[in-house]
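Below is one structure; the comments refer to it alone.
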Amino acid sequence: MQTRIEAADQRFGWMLSAPGLMLLGAVIGFPIAWALFTSLFDYTLIMPSYDNFVGLDNYVTALGDKEFGHAAWVTLTFVAAIVVVEFSIGFLVALMLNSTERGRGIYYIILLCPLLMNPVVVGLIWRMLLHPTLGIVNYLLGLVGLGPVNWLGDPTNAFITVVLVDVWHQVSFMIVLLLAGLSALPREPYEAARVEGASTLQSFWHITLPLMRPVIVVTLLIRVIFAIKTYDIIYIMTRGGPGDATDLISYFIYRRAFVGLNLGEACALAGLLLAVIVAMTAYLHRVMRKV
Amino acid sequence: MASIELRSVSKAYDGGVHAVRDIDLSIADGEFMIFLGPSGCGKSTTLRMIAGLETATAGDILIGGERVNDLDPAKRDISIVFQNYALFPHMSVRKNLSFGLRLKGTPRAEIERRIGHVSKMMGIDELLDRRPSQLSGGQRQRVALGRALVREPQAFLLDEPLSNLDAKLRAVMRTELIKLHQRLGTTMVHVTHDQVEAMTMGERICIMKDGEVVQVGAPLEVYTNPADTFVAGFLATPSMNLMPARLEADGDGLAIHLAAGTIAVPEPFRAAYAPYAGQAIIAGMRPEDFHEKPAEAGPFGQLVETTIETVEALGPETILTLSQPGGTAFAARVSAAGTSRAGDKIRLTYDAGKLHLFDPRTTKRIARPLSV
Numbered sequence: 000m001q002t003r004i005e006a007a008d009q010r011f012g013w014m015l016s017a018p019g020l021m022l023l024g025a026v027i028g029f030p031i032a033w034a035l036f037t038s039l040f041d042y043t044l045i046m047p048s049y050d051n052f053v054g055l056d057n058y059v060t061a062l063g064d065k066e067f068g069h070a071a072w073v074t075l076t077f078v079a080a081i082v083v084v085e086f087s088i089g090f091l092v093a094l095m096l097n098s099t100e101r102g103r104g105i106y107y108i109i110l111l112c113p114l115l116m117n118p119v120v121v122g123l124i125w126r127m128l129l130h131p132t133l134g135i136v137n138y139l140l141g142l143v144g145l146g147p148v149n150w151l152g153d154p155t156n157a158f159i160t161v162v163l164v165d166v167w168h169q170v171s172f173m174i175v176l177l178l179a180g181l182s183a184l185p186r187e188p189y190e191a192a193r194v195e196g197a198s199t200l201q202s203f204w205h206i207t208l209p210l211m212r213p214v215i216v217v218t219l220l221i222r223v224i225f226a227i228k229t230y231d232i233i234y235i236m237t238r239g240g241p242g243d244a245t246d247l248i249s250y251f252i253y254r255r256a257f258v259g260l261n262l263g264e265a266c267a268l269a270g271l272l273l274a275v276i277v278a279m280t281a282y283l284h285r286v287m288r289k290v
Numbered sequence: 000m001a002s003i004e005l006r007s008v009s010k011a012y013d014g015g016v017h018a019v020r021d022i023d024l025s026i027a028d029g030e031f032m033i034f035l036g037p038s039g040c041g042k043s044t045t046l047r048m049i050a051g052l053e054t055a056t057a058g059d060i061l062i063g064g065e066r067v068n069d070l071d072p073a074k075r076d077i078s079i080v081f082q083n084y085a086l087f088p089h090m091s092v093r094k095n096l097s098f099g100l101r102l103k104g105t106p107r108a109e110i111e112r113r114i115g116h117v118s119k120m121m122g123i124d125e126l127l128d129r130r131p132s133q134l135s136g137g138q139r140q141r142v143a144l145g146r147a148l149v150r151e152p153q154a155f156l157l158d159e160p161l162s163n164l165d166a167k168l169r170a171v172m173r174t175e176l177i178k179l180h181q182r183l184g185t186t187m188v189h190v191t192h193d194q195v196e197a198m199t200m201g202e203r204i205c206i207m208k209d210g211e212v213v214q215v216g217a218p219l220e221v222y223t224n225p226a227d228t229f230v231a232g233f234l235a236t237p238s239m240n241l242m243p244a245r246l247e248a249d250g251d252g253l254a255i256h257l258a259a260g261t262i263a264v265p266e267p268f269r270a271a272y273a274p275y276a277g278q279a280i281i282a283g284m285r286p287e288d289f290h291e292k293p294a295e296a297g298p299f300g301q302l303v304e305t306t307i308e309t310v311e312a313l314g315p316e317t318i319l320t321l322s323q324p325g326g327t328a329f330a331a332r333v334s335a336a337g338t339s340r341a342g343d344k345i346r347l348t349y350d351a352g353k354l355h356l357f358d359p360r361t362t363k364r365i366a367r368p369l370s371v
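Each protein sequence line maps, in turn, to chains H and X.
If you read the first sequence in numbering that gives the first Met the number 0, its first letter stands for residue 0, the second for the next number, and so on.
If you read the second sequence in numbering that gives the first Met the number 0, its first letter stands for residue 0, the second for the next number, and so on.
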């Protein structure tokens, strides 16, 4: 049974949380509820009304839509590519920084610069740098007799370019998280392993990797969740193109809502995406509780 | 098995801070040596230099007669047990024990044989499939020792391995380590700041202070003849009473004038102490050399009359804190049978045959015949 002091503490806690909860309800809870409600109607921006209830038809249509299937595949490939590349670079740099004694703060600041930039700004800067005729990248390639490369105009190039720009922007996130994990590892198991005859590589394989496993899982999950939602860079740099080469799910939903004007179906798609992200977040939460 | 020798070994860090300064020490083959000292005295650094986990900035380290300064820790053929055990948390006890052997490519049958032998010896054969997180502190300690044993090294280095255990378990593990040393006969170097561990476990104690060796000797030798006031004050609980006094000529003899009274210097010590007559000295008197019955104090017993400040009944014995008008209080260890209470007057007899004098300028003990 709750004592009076506990009840008073609880009331005080709710009182402090109330403004934040109300704000979250207004800007997140209400839009989600509205979108899920709308997804059950044939609601278009040409005829915005809730007259025609269609139940789960919008979900069935979305799941059978080949374009959606393609967007899901592109998203999957994109997420896999950026997570693998960012993790590999991130872990390598984190390991190097972890063994650095001097100037670690300076490296941190340099590495964090891209992460502090807005994705829209990142997209605009790289679009300028990678411009086929006016961009500095092709100019520099030309100086050494290479190029010009059509970075964003060719379907394969565009996908790779978007991946690389995202890596440039987000890799420091991996570095910072992994470095925090590495810094927290105890020193003694390494010393014990050294006395036992383990080489640097063996120490990494037998000690670092297993001890870092929880941190790695959390870092990868967080990055995957954020990567699935990628929208801004695609909007600024490629608009999903050329063709549908970089048509990620988030951008596909935007197109279905504001180009196709089919808000009901777009809401159903958003609902499906939300379900995937919520499932992953729940798993992440479970993992983090174990760590 | 191997001897360990340190020749003028020093360790300095950037900025000129000396953790260890010019240490010379020989540890015999099969000896149980204790490094004892307060925190920051350099004992762990010295041990880590022997292990190869720290680099000596000067001097030579020899294991089994071979200079090992430039040798990787793994090639020194030593095992180290860390203060917090340093077990691999993601590995089972079996894998922890076999880690080093697997890296060396030891045949599986041999690994199994050694694990079986060591796990039985350490009483951990039931725990082989458990992870360190599923073990108690004492069990982890045994696993850490087992991991050191399984490699059959030339020497064991123990870096405060008992300090994380509770008092009861520490006493048990202390005994087990002594038995282990007796059974294996391997050279062991044990670092501790606990003087009870040092006194009970080691064949010799190396007492360190501020990165330097103050005294090396057998436990009883160091206890009865401390080299200086630091050693006198560090060993035993309560430690030796160190009281400022004056040494004055008294007829044919010498007398020590303390705030609590005067103590005549026993005849056998007179010649040694005579040069200090008329000077300030520090008198060192162990609490256990005060006796309630004059007969127990031996031929040089001298009466001390004082007032009890506090009484600490420890069960088998009682520690009295005694006042000294105009001077610092001092401790006496008496039998538990007494009915002394704070504020009572008490008459004790001090065995002056156990008296030590220290030079206040150098803090060194003034040499005198060792026993009378």
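Just so you know, even glycine gets a beta-carbon here, dropped at the ideal spot from N, CA and C.
Exclusion of the five residues before and after residue 92 of chain X leaves 126, 127, 129 and 142 as the residues of its chain whose Cβ lies within less than 6 Å of its Cβ. Residue 183 of chain H places its beta carbon 9 Å or farther from that of residue 240 of chain H. Per DSSP, residue 301 of chain X is one residue of the beta strand (DSSP E) stretching across 300-312.
When Cβ-Cβ separations below 9 Å define contact, residue 183 of chain H makes no contact with chain X.
A straight-line Cα-Cα distance of about 14 Å links residue 267 of chain X and residue 300 of chain X. Residue pairing of residue 213 of chain X in beta bridges, as defined by DSSP: absent, with no partner found. Proximity of residue 30 of chain H to chain X, defined by a Cβ-Cβ separation below 9 Å, is not satisfied. A direct Cα-Cα distance of roughly 7 Å separates residue 84 of chain X from residue 139 of chain X. Straight through space, the alpha carbons of residue 287 of chain H and residue 108 of chain H are spaced by roughly 27 Å.
Residue H/74 holds the alpha-carbon nearest to the alpha-carbon of residue 246 of chain H among H/74, H/200 and H/45. By the rule that beta-carbons nearer than 9 Å mark a contact, residue 240 of chain X does not touch chain H. By the Cβ-count criterion, residue 204 of chain H is exposed, with fewer than 16 other Cβ atoms from all chains shown falling within 10 Å of its own Cβ. Those residues of the region 353-365 of chain X placed with their C-beta closer than 9 Å to a C-beta in chain H do not exist. The distance from the Cβ of residue 157 of chain X to that of residue 117 of chain X is about 16 Å, inconsistent with a contact at the 8 Å cut-off. Approximately 6 Å separates the beta-carbon atoms of residue 9 of chain X and residue 58 of chain X; this is inside 8 Å, confirming the contact. Under the DSSP assignment, residue 292 of chain X falls outside any beta strand (DSSP E); it carries neither an H nor an E label.
Rounded to whole angstroms, the gap between the alpha carbons of residue 52 of chain H and residue 36 of chain H is 10 Å. Interface annotation for the region 235-256 of chain H against chain X: empty, criterion Cβ-Cβ distance under 8 Å. Ranking X/193, X/14 and X/176 by CA distance to the CA of residue 207 of chain X puts X/193 first. Relative to the Cα of residue 50 of chain X, the nearest Cα in the group X/269, X/77 and X/228 belongs to X/77.
DSSP lists X/57 as the bridge partner or partners of residue 9 of chain X.
Taking the Cα positions, residue 310 of chain X is about 21 Å away from residue 232 of chain X.
Only residues of its own chain outside the window of five on either side were considered, and among them 232, 235 and 236 have a CB closer than 6 Å to the CB of residue 122 of chain H, listed in chain order.
Counting C-beta pairs with one atom in each stretch, the region 215-228 of chain H and the region 272-282 of chain H have three or more that are closer than 8 Å, which means they touch.
Residue pairing by DSSP puts residue 80 of chain X in a beta bridge opposite X/157. Per the Cβ contact rule, the region 68-75 of chain X is not in contact with the region 211-219 of chain X (fewer than 3 Cβ pairs under 8 Å). Restricting attention to X/4, X/70 and X/321, the CA atom closest to the CA of residue 284 of chain X is found in X/321. Against chain X, the beta carbon of residue 100 of chain H has no neighbour under 9 Å; the closest one sits roughly 10 Å away. One alpha carbon belongs to residue 119 of chain H, the other to residue 175 of chain H, and they sit about 22 Å apart. Ranked by how close their Cα comes to the Cα of residue 221 of chain H, the residues H/244, H/278 and H/206 have H/278 in first place.
Taking a C-beta cut-off of 8 Å against chain H, the contacting residues of the region 95-108 of chain X are 98, 99, 102 and 103, listed in chain order. Per DSSP, reduced to three states, the secondary structure at residue 289 of chain H is helical. For residue 29 of chain H, the enclosing alpha helix (DSSP H) has its first and last residue at 29-37. Judged by their CB atoms, residue 302 of chain X and residue 245 of chain X are not nearer to each other than the 9 Å cut-off.
Contact annotation: in the region 63-76 of chain X, residues whose CB is within less than 7 Å of a CB in chain H are 72 and 73. With respect to residue 152 of chain X, residue 105 of chain X sits apart: the two C-beta atoms are not nearer than 9 Å.
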